[in-house]
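Q: In numbering that gives the first Met the number 0, the protein residues as written are 0 to 187.
For reference, the structure I am asking about is given below.
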Amino acid sequence: MILLFVVAALFAPWLTRYRPWQQLDIVHLASLPPSWAHPFGTDRYSRDVFTRILYGARLSLSIAALAVVVSSTVGTLYGAVAGYAGGTVDAVMMRVIDALLSVPRVLMLIAVLALWSPVPVPALVLLIGLTGWFDIARLVRGQALALREREFVVAARALGAGPARIVGRHVLPNVLGPVIVAGALAVG
Numbered sequence: 000m001i002l003l004f005v006v007a008a009l010f011a012p013w014l015t016r017y018r019p020w021q022q023l024d025i026v027h028l029a030s031l032p033p034s035w036a037h038p039f040g041t042d043r044y045s046r047d048v049f050t051r052i053l054y055g056a057r058l059s060l061s062i063a064a065l066a067v068v069v070s071s072t073v074g075t076l077y078g079a080v081a082g083y084a085g086g087t088v089d090a091v092m093m094r095v096i097d098a099l100l101s102v103p104r105v106l107m108l109i110a111v112l113a114l115w116s117p118v119p120v121p122a123l124v125l126l127i128g129l130t131g132w133f134d135i136a137r138l139v140r141g142q143a144l145a146l147r148e149r150e151f152v153v154a155a156r157a158l159g160a161g162p163a164r165i166v167g168r169h170v171l172p173n174v175l176g177p178v179i180v181a182g183a184l185a186v187g
């Protein structure tokens, strides 16, 4: 079902002959019930509702995908640093996430939307992305804690590789699988 929704959103220009802003004949076609020509009917301004839903889905999926990219990037970097560093750094970084998780995400979003309306799309993407990285950071931290004791990381450390190189070349590539799965689930 989700795949059908995504495909319909991607191919919206080819699935309908109308444009979402296009007013047809406001006198004769306003508020029509569903028909073969207009599967979901028309609104009071004679715009095709099916077309508007398809194009709205495109925008919603774009915002969701970009927000997941932002949250995955921030969460992956934060979690990798916390997990690889361990000790006090890890404890402090995880307490920051615990404090941020104590405030409901919806409440943060509503507060920002109340102060800044209408919100431009790029700001909305950043806002959603920067309030959704906590779970990914926890996931990556757990993976990084497990990976930092593996043989290839110990060997890289013995060969003189620094922490940044170890995280970038050995830890991050090995945590990308779970991050991609979590990101795909977060889009929905």
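Beta carbons are placed, not taken as given, at the ideal position from N, Cα and C, and that holds for glycine.
#1: Quick one: using the 10 Å Cβ neighbour count with 16 as the cut-off for buried, is Leu-146 buried or exposed?
#2: Report yes if the C-beta distance between Ala-81 and Thr-50 is below 9 angstroms; otherwise report no.
#3: Between Gly-176 and Ala-136, is the Cβ-Cβ spacing less than 9 angstroms?
#4: For Ala-29 and Leu-114, I'd like the C-alpha separation in whole angstroms.
#5: Helix, strand or coil, according to DSSP, for Thr-41 in the structure here?
#6: Under the rule that 16 or more other beta-carbon atoms within 10 Å means buried, what is Gln-142, buried or exposed?
#7: For the segment 57-71 against the segment 111-128, do three or more pairs of beta-carbon atoms, one drawn from each stretch, fall closer than 8 angstroms, so that the two count as touching?
#8: Classify Tyr-83 as buried or exposed, calling it buried when 16 or more other Cβ atoms lie within 10 Å of its own Cβ.
#9: Under the three-state reduction of DSSP, which class applies to Asp-89: helix, strand or coil?
#10: Under 8 angstroms, with one C-beta from each stretch per pair, do the segment 36-45 and the segment 14-26 reach the 3-pair mark?
#11: Would you grab the beta carbon distance between Gly-133 and Gly-85 for me? Rounded to a whole angstrom, and I think it's under 8 angstroms.
#12: I'd like to check one pair, Ala-7 with His-53: are the Cβ atoms closer than 9 angstroms?
#13: At which residue ranges does the segment 2-39 contain complete alpha helix (DSSP H) runs of 4 or more residues, listed in the order of the chain?
#14: Use the C-beta contact count for Gly-128: other C-beta atoms within 10 angstroms, 16 or more gives buried, fewer gives exposed.
#15: Measuring CA to CA, which of Leu-14, Leu-112 and Gly-131 is closest to Val-186?
#16: Asn-173 to Gln-21, Cα distance in whole Å?
#17: Starting from Asp-47, follow its DSSP beta bridges and name the residues at the other end.
#18: Can you give the beta carbon distance from Val-178 to Val-139, rounded, assuming they're within the 8 angstroms contact cut?
A: Straight from the coordinates:
#1: Counting from one through the sequence shown, the residue named residue 146 turns up at place 147. Under a 10 Å Cβ-count criterion, Leu-146 is classified as buried, with 16 or more other Cβ atoms of the shown protein chains found around its own Cβ.
#2: For the purposes of this step, residue 81 is taken as residue 82 along the sequence shown, with counting starting at 1. For the purposes of this step, residue 50 is taken as residue 51 along the sequence shown, with counting starting at 1. It is not a contact, given that the beta carbons lie outside the stated cut-off.
#3: Taking the first residue of the sequence shown as 1, we reach residue 176 at position 177. Taking the first residue of the sequence shown as 1, we reach residue 136 at position 137. No; because the gap between Cβ atoms is not below 9 angstroms, this pair is not in contact.
#4: Residue mapping note: residue 29 aligns to position 30 of the sequence shown, counting from 1. Residue mapping note: residue 114 aligns to position 115 of the sequence shown, counting from 1. If you take the alpha carbons of Ala-29 and Leu-114, they lie about 36 angstroms apart.
#5: Here residue 41 is taken as the residue at index 42 of the sequence shown, counted from 1. In the structure shown, Thr-41 sits in a strand (DSSP, three-state: E or B).
#6: For the purposes of this step, residue 142 is taken as residue 143 along the sequence shown, with counting starting at 1. Classification of Gln-142: buried, given that the 10 Å Cβ count is 16 or more.
#7: yes
#8: Counted from its first residue, the sequence shown places residue 83 at position 84. The residue in question, Tyr-83, is buried, as its Cβ has 16 or more Cβ neighbours within 10 Å.
#9: Counting from 1 along the sequence shown, the entry for residue 89 is found at position 90. Asp-89: helix per DSSP, three-state reduction.
#10: Contact between the segment 36-45 and the segment 14-26 is present, with at least three C-beta pairs closer than 8 angstroms.
#11: Numbered from its first residue, the sequence shown carries residue 133 at position 134. Numbered from its first residue, the sequence shown carries residue 85 at position 86. The sequence given here places Phe at residue 133; Gly does not occur at that position. The pair is not a contact, with the Cβ atoms about 19 angstroms apart (cut-off 8 angstroms).
#12: For the purposes of this step, residue 53 is taken as the residue at position 54 of the sequence shown. For the purposes of this step, residue 7 is taken as the residue at position 8 of the sequence shown. It is Leu, not His, that sits at residue 53 in the sequence shown. Yes, these two residues count as a Cβ contact at 9 angstroms.
#13: 11-14
#14: Your numbering for residue 128 matches position 129 in the sequence shown. Answer is buried; the Cβ neighbour count reaches 16.
#15: For the purposes of this step, residue 186 is taken as residue 187 along the sequence shown, with counting starting at 1. The shortest Cα separation from Val-186 among Leu-14, Leu-112 and Gly-131 belongs to Gly-131.
#16: The residue given as residue 173 occupies position 174 in the sequence shown. The residue given as residue 21 occupies position 22 in the sequence shown. Those two C-alpha atoms are separated by around 49 angstroms.
#17: Indexing the sequence shown from 1 puts residue 47 at position 48. Paired residue(s): Thr-41.
#18: As a working mapping, residue 178 is identified with position 179 in the sequence shown. As a working mapping, residue 139 is identified with position 140 in the sequence shown. Between Val-139 and Val-178 the Cβ distance is about 6 angstroms, and since that is below 8 angstroms, they are a contact.
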